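S.K.: Structure provided below as structure tokens; questions to follow.
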Amino acid sequence: MRGSNGGFFEALDDLLSGWKSCAIRCDQRHIDELIANARIFLVEDLFVRRAVGPVGPQFSVIRRMEDVLKLDPSAFVADKELFDALGKRSTAIHCDEDRILFRQGEVPSGLYILRSGCVVLTMTSPSGDLLLSTPVSEGSLLGLPGFVGDRPYSLTAEAQKGSVLGCVSRADFSDLMLTNPALSLKLLAVLAAEVRSARSAISES
Numbered sequence: 086m087r088g089s090n091g092g093f094f095e096a097l098d099d100l101l102s103g104w105k106s107c108a109i110r111c112d113q114r115h116i117d118e119l120i121a122n123a124r125i126f127l128v129e130d131l132f133v134r135r136a137v138g139p140v141g142p143q144f145s146v147i148r149r150m151e152d153v154l155k156l157d158p159s160a161f162v163a164d165k166e167l168f169d170a171l172g173k174r175s176t177a178i179h180c181d182e183d184r185i186l187f188r189q190g191e192v193p194s195g196l197y198i199l200r201s202g203c204v205v206l207t208m209t210s211p212s213g214d215l216l217l218s219t220p221v222s223e224g225s226l227l228g229l230p231g232f233v234g235d236r237p238y239s240l241t242a243e244a245q246k247g248s249v250l251g252c253v254s255r256a257d258f259s260d261l262m263l264t265n266p267a268l269s270l271k272l273l274a275v276l277a278a279e280v281r282s283a284r285s286a287i288s289e290s
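Printed below as a string of structure tokens:
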């Protein structure tokens, strides 16, 4: 693994370019390493360094509502083959009312897929300030960075009333990746899109 954020994105670009052009072979170990570290870079990039008051060695608080980051909802949408494969391994969830799927800081309990309806993703600072709010829709993967990195969720996900989702357990997810390793690249593409969306939102804020 390259040691800087720049190297990380270069590695992503190299891998995705090779995948699209079929110019390189799938190096499963390298893919697994990138996926395991993706969440770290995602979370680091989601916090904007502003002179409002630090909440940690690298982070600062966004206090004004107009400063709340919004990500591109399409960044969370999975390739149809990947989504369908995960769907076959998932347990159905029907939301008869608004429902919290997971909270920021919780240990991942599963990977959620959104079949229909809407889910709002939010991130708050340790003091409770809203940093990010993004609605996502059908076809999205929820909780992916924390789930694959085996680290606490970096966002809170609230499903709106009437939404239909699926939850994939870690055992089923691992089995799917082992039986169909080509899906790892499609998974990596979603992670890359999430990270790039975060960087774009920060650069425009």
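Take 86 as the starting number for the sequence shown in our numbering and just add one per residue. All residues carry an ideal CB built from backbone N, CA and C; glycine is no exception. Every value quoted in this text rests on a predicted model; they were computed, and no experiment measured them.
Going along the chain, which residues of its own chain have a beta-carbon closer than 6 Å to the beta-carbon of S254, five neighbours each way excluded?
M.R.: Here residue 254 corresponds to residue number 169 of the sequence shown, with the count starting at 1. For S254, where only same-chain residues beyond five positions count, the Cβ hits under 6 Å are G195.
S.K.: Go ahead and pull the three-state DSSP assignment for L276.
M.R.: In the sequence shown, counting from the first residue as 1, residue 276 sits at position 191. Residue state, collapsed to three classes: helix.
S.K.: Restricting to Cα atoms, I'd like to know which of V153, L154 and A163 is closest to L229.
M.R.: Within the sequence shown, residue 229 is the residue found at index 144, counting from 1. Ranking the options by Cα distance to L229, first place goes to A163.
S.K.: Which runs of the beta strand (DSSP E) at least 3 residues long sit entirely within the stretch 171 to 245? Give them in chain order.
M.R.: Runs found: 176 to 179, 184 to 187, 196 to 201, 203 to 209, 215 to 222 and 241 to 244.
S.K.: Candidates V192, C203 and K271: which alpha carbon is nearest V249's?
M.R.: Locating residue 249 in the sequence shown gives position 164, counting from the first residue. Checking every option, the nearest Cα to that of V249 belongs to C203.
S.K.: DSSP three-state label for L250, please.
M.R.: Working through the sequence shown from its first residue, we reach residue 250 at position 165. Strand at L250.
S.K.: For the structure I just gave you, are there three or more beta carbon pairs, one from the stretch 259 to 276 and one from the stretch 210 to 224, closer than 8 Å?
M.R.: Touching, no, given that fewer than three Cβ pairs across the two stretches are closer than 8 Å.
S.K.: E279 and P237: beta carbons closer than 8 Å?
M.R.: Numbered from its first residue, the sequence shown carries residue 279 at position 194. Numbered from its first residue, the sequence shown carries residue 237 at position 152. Cβ distance not < 8 Å, so E279 and P237 don't count as in contact.
S.K.: Since G231 contacts P193 with CB under 8 Å, what's their CB separation in whole angstroms?
M.R.: For the purposes of this step, residue 231 is identified with residue 146 of the sequence shown, where counting begins at 1. For the purposes of this step, residue 193 is identified with residue 108 of the sequence shown, where counting begins at 1. The pair is a contact, with the Cβ atoms about 5 Å apart (cut-off 8 Å).
S.K.: Taking 7 Å as the cut-off, is the CB of G195 close to at least one heavy atom of the ligand ZN?
M.R.: Inclusion of the ligand ZN in the displayed structure is not the case, the ligand content being empty and no account of it being possible.
S.K.: Among S159, P211, P158 and A170, which one has its Cα closest to the Cα of S259?
M.R.: Looking up residue 259 in the sequence shown gives position 174. When only C-alpha atoms are compared, the closest one is A170.
S.K.: Quick one: Cα of L272 to Cα of V233, how far?
M.R.: Here residue 272 refers to the residue found at position 187 when the sequence shown is read from its first residue. Here residue 233 refers to the residue found at position 148 when the sequence shown is read from its first residue. Each residue's Cα considered, the two are about 10 Å apart.
S.K.: Please classify S239: is it buried, with 16 or more other beta-carbons within 10 angstroms of its beta-carbon, or exposed?
M.R.: The residue given as residue 239 occupies position 154 in the sequence shown. Buried is the call here.
S.K.: Are there 16 or more other CB atoms within 10 angstroms of the CB of G251, so buried, or fewer, so exposed?
M.R.: Position 166 of the sequence shown holds residue 251. So G251 ends up on the buried side.
S.K.: Taking 8 Å as the cut-off, decide whether the C-beta atoms of V205 and F161 are in contact.
M.R.: To locate residue 205, count along the sequence shown from 1; it is residue 120. To locate residue 161, count along the sequence shown from 1; it is residue 76. Contact flag unset, no.
S.K.: Could you pull out every residue in the same chain whose Cβ sits closer than 6 Å to the Cβ of S201, ignoring the five residues on either side in sequence?
M.R.: Here the question's residue 201 lines up with position 116 in the sequence shown. For S201, where only same-chain residues beyond five positions count, the Cβ hits under 6 Å are E223 and V249.
S.K.: Looking at the secondary structure, which residues open and close the alpha helix (DSSP H) in which L261 lies?
M.R.: Working through the sequence shown from its first residue, we reach residue 261 at position 176. Counting along the chain, the alpha helix (DSSP H) containing L261 begins and ends at R255 to T264.
S.K.: With 16 other CB atoms within 10 Å as the buried threshold, where does T241 fall?
M.R.: Here the question's residue 241 lines up with position 156 in the sequence shown. Counting Cβ neighbours within 10 Å, T241 comes out buried, since at least 16 surround it.
S.K.: Can you tell which of D235, D257, S269 and V275 has its C-alpha closest to the C-alpha of T176?
M.R.: Numbered from 1 along the sequence shown, position 91 holds the residue referred to as residue 176. Nearest C-alpha to T176: D257.
S.K.: Are L268 and L227 touching if we call contact CB-CB under 8 Å?
M.R.: Taking the first residue of the sequence shown as position 1, residue 268 is located at position 183. Taking the first residue of the sequence shown as position 1, residue 227 is located at position 142. No, these two residues do not count as a Cβ contact at 8 Å.
S.K.: For A286, which residues of its own chain have a beta-carbon under 6 Å away from its beta-carbon, when the five flanking residues on both sides are left out?
M.R.: For the purposes of this step, residue 286 is taken as residue 201 along the sequence shown, with counting starting at 1. Excluding sequence neighbours, A286 sits near L154 and L156.
S.K.: Quick one: is L263 near chain D, going by C-beta distance under 8 Å?
M.R.: Among the chains in the structure shown there is no chain D, since it carries only a single protein chain.
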